[in-house]
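Some notes on the structure that comes next.
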Amino acid sequence: MNFKNTNAEVSTITRNMDEIEAVTGNVYESCVIISKRSNQISIDLKEELTGKLNEFASNTDNLEEIFENREQIEISRFYEKLPKTNAIAMKEFLEDKLFFRKPTQEK
174 MNFKNTNAEV
184 STITRNMDEI
194 EAVTGNVYES
204 CVIISKRSNQ
214 ISIDLKEELT
224 GKLNEFASNT
234 DNLEEIFENR
244 EQIEISRFYE
254 KLPKTNAIAM
264 KEFLEDKLFF
274 RKPTQEK
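Each residue of the sequence shown is one higher than the one before, counting from 174 in my numbering.
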């Protein structure tokens with residue numbers, strides 16, 4: 174999924190717990206699913222950001238050669254403005270875009 178084009182909320186909003194519980198029948202189970210997806214999204218975004226910032230990494234440890242890179246700052250600002258990973262995961266969960274299964278039901 175393309176996290177950059179998500180329509181998840183950027184700020185904190187109040188959620189209806191009945192909607193969250195309705196998907197699985199248990200609010201705690203829903204929270205676990207959302208948190209695991211949030212962790213997956215966080216790992217993907219971190220790897221992507223690290224890959225982009227590594228392009229600007231210098232091999233020298235000289236303090237005199239460290240300077241402000243405009244492109245690097247813009248990339249960092251873009252990722253800071255993205256919705257939080259838990260908001261993205263919640264949006265996916267409520268829109269039925271997540272696949273999850275219960276190991277106890279597979280037997």
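Ideal placement from N, C-alpha and C gives every residue a C-beta, glycine not left out.
Predicted, not measured: the structure shown is a model, and the values here were computed from it.
Item	Value
Whole-angstrom distance between Ser184 and Glu202, CA atom to CA atom	24 Å
Backbone secondary structure at Pro256 - three-state DSSP	coil
Buried versus exposed call for Glu237 [16 or more other C-beta atoms within 10 Å across all chains shown]	Any reading at Glu237 must be qualified, since the residue scores a pLDDT of 49, below 50, and its modelled position is unreliable; the value itself is stated next. So Glu237 counts as exposed.
Arg274 - DSSP class collapsed to helix/strand/coil	coil
Contact under 8 Å by Cβ, Phe251 with Arg210	no
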